[in-house]
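Only one structure is covered here, and it is reproduced in the block below.
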Amino acid sequence: MTASDAVSTPWRRASLAGALFALDPIGSGLLLRSGPGPARDALMSRIVTDLAPMRLFRAPADIADDRLIGGLDVAATLRAGRPIAETGVLAAADGGVLAVAMAERISTGVAARLAAALDTGEIALQRDGLSAVLPARIGVVALDEGRDDEAAPAALAERLAFWVDLDGVGWRDIEPPILSEEDFAAARIRAPRVEVGQQASATLVAIAVELGVASPRAVLFALRAARGLAALRGVTRVEDEDVELAAALALGPRATRMPAEPQEEEEEPPPEDEADDTETAEEDNTPRELEERVLEAARAALPPGLLAALAAGVQRNRSGASDGKSGEENYSLRRGRPLDARPGELSKGRLALVATLRAAAPWRRLREGAAAQGAAIQAGPRRIIVKPEDFRITRHRQKRGATTIFVVDASGSLAMNRLAEVKGAIELLLADCYARRDHVALIAFRGRTGELVLPPTRATARARRALSGLPGGGGTPIAAGLDAALGVADQSRRKGQTPLIVMMTDGRANIGRDGEPGRPRAMEDALDAARRIRAANVAALAIDTAQIGASGRDDAPVRALAEAMTARYIKLPRADAAGINAAVRGALQR
Amino acid sequence: MVNPFPFSAIVGQDDMRLAFMIAAVDPSVGGVLAFGDRGTGKSTAVRALAALLPKIRVVAGCPYNCAPENRAGLCGACTGEAKPKAEQRGAPVVDLPLGATEDRVVGALNLERALAAGEKHYEPGLLARANRGFLYIEEVNLLEDHLVDLLLDVAASGVNLVEREGLSLSHPARFVLIGSGNPEEGELRPQMLDRFGLAVEVRTPQDVPTRIEVVRRRNDYDRDPEAFHRTWAGAERKLRAQITHARERVASVETSDAALERATRLCIALGADGLRGELTLIRAARAFAALEDVPAIGDKELKRLAPMVLSHRLRRNPLDDGGSAPRVQRAIEEVFGP
Chain A
3 MTASDAVSTP WRRASLAGAL FALDPIGSGL LLRSGPGPAR DALMSRIVTD
53 LAPMRLFRAP ADIADDRLIG GLDVAATLRA GRPIAETGVL AAADGGVLAV
103 AMAERISTGV AARLAAALDT GEIALQRDGL SAVLPARIGV VALDEGRDDE
153 AAPAALAERL AFWVDLDGVG WRDIEPPILS EEDFAAARIR APRVEVGQQA
203 SATLVAIAVE LGVASPRAVL FALRAARGLA ALRGVTRVED EDVELAAALA
253 LGPRATRMPA EPQEEEEEPP PEDEADDTET AEEDNTPREL EERVLEAARA
303 ALPPGLLAAL AAGVQRNRSG ASDGKSGEEN YSLRRGRPLD ARPGELSKGR
353 LALVATLRAA APWRRLREGA AAQGAAIQAG PRRIIVKPED FRITRHRQKR
403 GATTIFVVDA SGSLAMNRLA EVKGAIELLL ADCYARRDHV ALIAFRGRTG
453 ELVLPPTRAT ARARRALSGL PGGGGTPIAA GLDAALGVAD QSRRKGQTPL
503 IVMMTDGRAN IGRDGEPGRP RAMEDALDAA RRIRAANVAA LAIDTAQIGA
553 SGRDDAPVRA LAEAMTARYI KLPRADAAGI NAAVRGALQR
Chain B
1278 MVNPFPFSAI VGQDDMRLAF MIAAVDPSVG GVLAFGDRGT GKSTAVRALA
1328 ALLPKIRVVA GCPYNCAPEN RAGLCGACTG EAKPKAEQRG APVVDLPLGA
1378 TEDRVVGALN LERALAAGEK HYEPGLLARA NRGFLYIEEV NLLEDHLVDL
1428 LLDVAASGVN LVEREGLSLS HPARFVLIGS GNPEEGELRP QMLDRFGLAV
1478 EVRTPQDVPT RIEVVRRRND YDRDPEAFHR TWAGAERKLR AQITHARERV
1528 ASVETSDAAL ERATRLCIAL GADGLRGELT LIRAARAFAA LEDVPAIGDK
1578 ELKRLAPMVL SHRLRRNPLD DGGSAPRVQR AIEEVFGP
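Heads up: the protein sequence lines correspond to chains A and B, in order. Quick note, our numbering runs 2 ahead of the 1-based positions in the first sequence. Quick note, our numbering runs 1277 ahead of the 1-based positions in the second sequence.
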């Protein structure tokens, strides 16, 4: 089998990545993006077989600190009369692999703890009066079932060597393993002795630059993969084909931009988000031939949708801000997802009874002594004395704030006259969104579709950049724009935020849902989309950008749309910054 | 970790390395925040720094690392001693891990003794251990709010007040706060941001030779840490000597009125609130001059350090793409001329 055959199908890539991970899992990982299904089951069971005698442990995505890191085992402590620690999953999995289910739901906090264990091979326990550094040399398999923008946190993904996508791989695609168990065992013994030349790292760095992969970790993982591949082939020296495959497996899926085609390198437009040029051209100590072959191999494993995303001007959001959950969390005392109980005054929240008793229990003996001395309380045997400092209150995690979704008409009818003005108005709103720490998303509709130019982010500066780069012209598919907005609104609501749709259009819909031109049909579709927004109970604001008086335009279409989605209606000429802001605020408070 | 990656072997990241060295020379600059891209060696640098710090003289057996010569700053236990015995100890670099509970941070009753004997005995926490050293918080932006509040309090006063379980005591807790994190995962509260004397932005190096060197060194280190250490032992020794020497010299570095005036004008030009900016700038520049072995603070020192001292203290303009770095640059040109 040639190098390119080995990675020619998603299943082959996945099974090879799985084998490489199982060969050398500690401090590494596998990001397995796929819904549950036969392919995922087959891959996981193969990994478990390959890992032996190492074990696979499992953890849920929303694991709490006392289970993840460990803490005081109160029952055992009271029985024994001395502190007994409860081992957390990280320490328990030492020397093995931890599989985290529903990795797309991992909080940034849990991701950071996993990342620390992957980086250092240790876990620091500083909890419940216990202080220890426990070994936690683990590998991680993140089972990411995310759809669309949902993804495992970037801090974790970055530390997992292989990113595998099994979407669309069915049981028919599954092939039997190439290596026998004995061969695999032999490869594991061989792996530490595999030599790798200096050239390999230079080539892999060059490829990483070409693919827009910034982190040195990715290259180190690729080097490690190359060594593993050599070991699997039964040799102790990394050859070019290993480097090719390693790039395909460890670098390709992380690509954030399309590599240049070999012949038309100069024409590669520099991506906006990367300041560097393709310096590879100046690097003459790297043989171009090998580099190109490696790049070719990596090309086969580029992330799905990368081209489309880049063409649409969207930055792939693996490392984007949408998964940054921590900053916008709001610790509410009554609503949201429950968190660990924490010390606090009773006036500030509900008593967490079990946690309070747990906190009080270890001190029983001490307090009985004190109580007997003071003779204030008649402390019976087996009675737990609870003091104010034991009180634990429950807290809940609630996402703060709103996502303001701008749906901007960038069609020809608007572009001619008012696009600049609309942009100006949005900029004013953005400043306000920043002040409120809102998320903003930007959808532009023109031509035949509505596209998400900017997924929800708190980086208003990015929104501004996306806005200023917005091209205008083409048809006016209002329905498509509103449909896209509702999609984003649904998503942000699932994340616990309050969506607000701000539509800016002159209301002259002329492209229907099916992408066909035709005014009456287009308006019907647009009204239907607007009604769906009302049905979903999403707050909305309609800003009419049609010019008054000029060529007899009137405010009827936008008014109709506003009515259909029970949105507040504002006319742009009269809407100065303060007016719009007040309207947005009003809509949010509704 | 027995053999951390050597500080001298870190490729590039000049700002971050300089900031750490300055904090090692003069802890009063008030901590370092390293914020930026993943995989740029932020944590590596902090762990490497621990190996560079000169040893400190402490009262033997003191859990708070009290200095025997500093009578005023001694903890309750040490003040009782007429002539405390001294010993050398490695300067502490204490990790405050995410998920730490409050009792371990501030200290609490010793659980074992309370359980077994029913005795009240204070068990010092991480803040005690970090006294006269460094307290490192990886992913500081993810730290629980109530711990952040607590740290701010202690960092400002240098004293840890413990009031729990009928215990009432205080102990010195002067430490250099070092935080690292990635802004994409959540921003730092402004109050916390302001507490760091120096803030450096770390970015992935963009040129290919540097990146190759990063990968090579890390790869060599991972494969054989001991051999790697031997290779870099000389450079490490030199760096340690540089820090030790700078510590001795820092007090005698001259601060001219002209330098003071320029620092002040810089802060005014940038509208940096309060006096903390000027103070930190002068202190950091003094430490830098000591590291460079020059007798007085000059323009070079001020210009080099102004961005890391001032850029995180500016009021942010939400729609300014470039962030505060260009603003600082403009102000520098205004004050010092192009």
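Heads up, the beta-carbon is just placed ideally off N, CA and C, and yes, glycines get one too.
Within 9 Å, strictly: CB atoms of residue i and residue j
{"i": "leucine 158(A)", "j": "valine 143(A)", "result": "no"}
{"i": "asparagine 539(A)", "j": "alanine 524(A)", "result": "no"}
{"i": "glutamine 128(A)", "j": "leucine 1373(B)", "result": "yes"}
{"i": "glycine 29(A)", "j": "arginine 192(A)", "result": "no"}
{"i": "valine 37(A)", "j": "aspartate 169(A)", "result": "Correcting the residue identity first, residue 37(A) is glycine in this sequence and not valine. Contact: yes."}
{"i": "valine 409(A)", "j": "glycine 452(A)", "result": "yes"}
{"i": "phenylalanine 1452(B)", "j": "valine 1371(B)", "result": "yes"}
{"i": "alanine 1540(B)", "j": "leucine 1568(B)", "result": "no"}
{"i": "threonine 89(A)", "j": "glycine 72(A)", "result": "yes"}
{"i": "glutamate 298(A)", "j": "threonine 205(A)", "result": "no"}
{"i": "leucine 145(A)", "j": "alanine 101(A)", "result": "yes"}
{"i": "leucine 1454(B)", "j": "isoleucine 1414(B)", "result": "yes"}
{"i": "methionine 1298(B)", "j": "lysine 1319(B)", "result": "no"}
{"i": "serine 109(A)", "j": "proline 155(A)", "result": "yes"}
{"i": "threonine 462(A)", "j": "leucine 432(A)", "result": "yes"}
{"i": "asparagine 1347(B)", "j": "arginine 1366(B)", "result": "no"}
Residue i (DSSP reduced to helix, strand or coil)
{"i": "isoleucine 1609(B)", "result": "helix"}
{"i": "alanine 283(A)", "result": "Its pLDDT being 40, under 50, alanine 283(A) is placed unreliably in this model, and the value from its coordinates should be taken loosely. DSSP places alanine 283(A) in helix when its eight states are reduced to three."}
{"i": "glutamate 1364(B)", "result": "strand"}
{"i": "leucine 116(A)", "result": "helix"}
{"i": "valine 410(A)", "result": "strand"}
{"i": "glycine 31(A)", "result": "strand"}
{"i": "leucine 45(A)", "result": "helix"}
{"i": "serine 17(A)", "result": "helix"}
{"i": "tyrosine 1341(B)", "result": "coil"}
{"i": "glycine 514(A)", "result": "coil"}
{"i": "lysine 1319(B)", "result": "helix"}
{"i": "glycine 2(A)", "result": "Since the first residue shown for chain A is 3 and the last is 592, residue 2(A) is missing from the structure and cannot be characterised."}
{"i": "aspartate 242(A)", "result": "helix"}
{"i": "asparagine 1437(B)", "result": "strand"}
{"i": "threonine 500(A)", "result": "strand"}
{"i": "alanine 144(A)", "result": "strand"}
{"i": "lysine 425(A)", "result": "helix"}
{"i": "glutamine 201(A)", "result": "helix"}
{"i": "alanine 1359(B)", "result": "coil"}
{"i": "aspartate 1380(B)", "result": "helix"}
{"i": "glutamine 1483(B)", "result": "coil"}
Candidates the options: closest to residue i by CA position
{"i": "serine 182(A)", "options": "Thr478(A), Ala16(A), Leu432(A), Ala21(A)", "result": "Ala21(A)"}
{"i": "isoleucine 65(A)", "options": "Ala117(A), Arg107(A), Asp75(A), Ile49(A)", "result": "Arg107(A)"}
{"i": "glycine 1384(B)", "options": "Ser1434(B), Asp1422(B), Val1439(B)", "result": "Val1439(B)"}
{"i": "valine 9(A)", "options": "Ala249(A), Glu294(A), Ala208(A), Val91(A)", "result": "Ala249(A)"}
{"i": "proline 194(A)", "options": "Lys1319(B), Asn1496(B), Ala1546(B), Arg1472(B)", "result": "Asn1496(B)"}
{"i": "leucine 353(A)", "options": "Pro364(A), Arg366(A), Arg367(A), Glu391(A)", "result": "Glu391(A)"}
Cβ shell of residue i (< 7 Å), same chain only, five flanking positions each side left out
{"i": "glycine 476(A)", "result": "Ser413, Gly414, Arg448, Gly449"}
{"i": "tyrosine 1498(B)", "result": "Phe1282, Phe1505"}
{"i": "glycine 1435(B)", "result": "Pro1449, Ala1450, Arg1451"}
{"i": "glutamate 281(A)", "result": "Low local confidence applies: a pLDDT of 41 at glutamate 281(A) is under 50, so the model's placement there is unreliable, with the coordinate-based value given in what follows. Contacts found: Val211."}
{"i": "leucine 18(A)", "result": "Ala8, Val9, Leu251"}
Cβ-based neighbour list, residue i, same chain, cut-off 6 Å, excluding 5 preceding and 5 following
{"i": "glycine 322(A)", "result": "In this prediction, glycine 322(A) has a pLDDT of 33, which is less than 50 and means its spatial position is unreliable; what the coordinates show is noted afterwards. There are no such residues."}
{"i": "arginine 1390(B)", "result": "Glu1396, His1398"}
Beta-carbon proximity list for residue i, same chain, < 8 Å, skipping 5 on both sides
{"i": "glutamate 1462(B)", "result": "Glu1416, Asn1418, Leu1419"}
Is there contact between the stretch 1407-1421 of chain B and the stretch 1388-1399 of chain B, where contact requires at least three CB pairs shorter than 8 Å?
no
For the stretch 79-97 of chain A and the stretch 42-50 of chain A, state whether three or more C-beta atom pairs, one from each stretch, are separated by less than 8 Å.
They do not touch, by the three-pair rule.
Give a yes or no on contact between the stretch 500-507 of chain A and the stretch 463-472 of chain A, applying the rule of three or more CB pairs nearer than 8 Å.
no
Determine contact between the stretch 229-247 of chain A and the stretch 1515-1522 of chain B, defined as no fewer than three beta-carbon pairs at a distance below 8 Å.
At 8 Å Cβ cutoff, the stretches do not touch.
Should the stretch 1534-1554 of chain B be regarded as contacting the stretch 1350-1360 of chain B, the criterion being three or more beta carbon pairs within less than 8 Å?
no
Below 8 Å, can you find three or more Cβ-Cβ pairs linking the stretch 1452-1461 of chain B to the stretch 1410-1429 of chain B?
yes
Touching or not, the stretch 517-536 of chain A and the stretch 558-574 of chain A, by the rule of three or more beta carbon pairs under 8 Å?
Yes, they touch.
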